[in-house]
Amino acid sequence: MSGQQRVDGTAVSGASRAHAGPDLGAETGTRARVARLILEHGPITASLLGERLGLTSAAIRRHLDNLMSEGLVEARDARPVGRRGRGRPARVFALTGAGRDVFVHGYDDLASSALRFLAEKAGPQAVAEFARHQVDELERRYRPGLAAAPPQQRVRLLAEALSSDGYAASAGEAPAPGGGEQLCQHHCPVAHVASEFPELCDAEVEAFARLLGTPVRRLATIAHGDGVCTTHVSPRDISSTTLTPEARPERDTGSKRHNRTPRPGGSA
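Okay, here's the thing in structure tokens:
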């Protein structure tokens, strides 16, 4: 049966078709690969996209222009690393909110409405309890593999586990002074809901701290408009740390706390 498809090639159901974004047309395969790579790696240059996909500069520019004209991708100035030299900053390409929506598998409105109802009837603490319950299964599945691994490998293994669940995660050394590691999630299936209910993000960070056995700190979230969910993993005593339920994440006191205000039309 023919029908509209998401950028990843999966069929869009009637219930979620209204939120699926523009049809990618005859070039769905190549453009899907371009969009998927941007999703998985975050903001990325056109030259690196062409190198990863084996496309010429002209070809990659054509696909990027088409994606930008449809509102799925936007161009930004790259953030400087260290001292910036003369000349224009490099241009990178990132998915827009609409671009991420094409990858989302629906039911955001229903989930937001249900959590709103729960908060009204049972209070905010019920939402926080629900959020912790939601990550319990993820934590239960990840814990055996992480517990058996050396501490220095846990962040990488956590990123691999998250990627297998659709979060397009990566791990590396933290660029900030003080060392540590950085866990990046380039896709968040519940970003729209989490923008109204940050308890979902809080519960996830708490689970990461317990799984890694060291304090962690959330630096950025897709739910609040950042391109990537970024979590800093503390290096403190990581070589001798064991996994304990008592491990708790650090709070980023400088981060923004958004008011729980429903979006126009009641969507998250």
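The numbering of the sequence shown is this note's numbering, which starts it at -4 and goes up by one. Virtual Cβ for every residue (Gly too), placed ideally from N, Cα, C.
Item, Value
"Three-state secondary structure assigned by DSSP to Asp160", "coil"
"Three-state secondary structure (DSSP) of Cys196", "helix"
"Spatial distance of Leu32 from Thr216 (CA atoms)", "19 Å"
"Span of the alpha helix (DSSP H) around His219", "Looking at the DSSP string, His219 is not in any alpha helix (DSSP H), and its letter there is neither H nor E."
"Nearest-angstrom Cα separation, counted from Arg213 out to Thr225", "6 Å"
"Cβ shell of Glu199 (< 6 Å), same chain only, five flanking positions each side left out", "Val130"
"Cβ pair Gly156, Gly140 closer than 9 Å", "Note that residue 156 corresponds to Ala in the displayed sequence, not to Gly. Yes. Within cutoff."
"Burial state of Glu115, where buried means 16 or more other Cβ atoms lie within 10 Å", "exposed"
"Whole-Å CB distance - Ala41 paired with Ile55, under 8 Å assumed", "5 Å"
"Alpha-carbon spacing of Cys179 relative to Gln147, whole angstroms", "17 Å"
"Ranges of the alpha helix (DSSP H) found wholly within the stretch 91 to 169, counting only runs of at least 4", "92 to 98, 103 to 117, 119 to 142, 149 to 159"
"CA-to-CA distance, Ala53 to Glu201, given in whole angstroms", "45 Å"
"Alpha-carbon to alpha-carbon, Ala117 and Leu62", "43 Å"
"For Ala106, the nearest candidate out of Gly222, Phe192, Ile39 (CA to CA)", "Phe192"
"Supposed close pair Glu194, Ala126 - CB separation, criterion 8 Å", "4 Å"
"Beta-carbon contacts of Leu44 that lie in its chain and below 8 Å, excluding the five residues immediately before and after", "Val29, Leu32, Ile33, Leu50, Ile55, Leu59, Phe88"
"N- and C-terminal bounds of the alpha helix (DSSP H) containing Thr25", "23 to 36"
"N-terminal and C-terminal residue of the beta strand (DSSP E) that His227 is part of", "224 to 228"
"Beta-carbon gap between Leu90 and Gly222 smaller than 9 Å", "yes"
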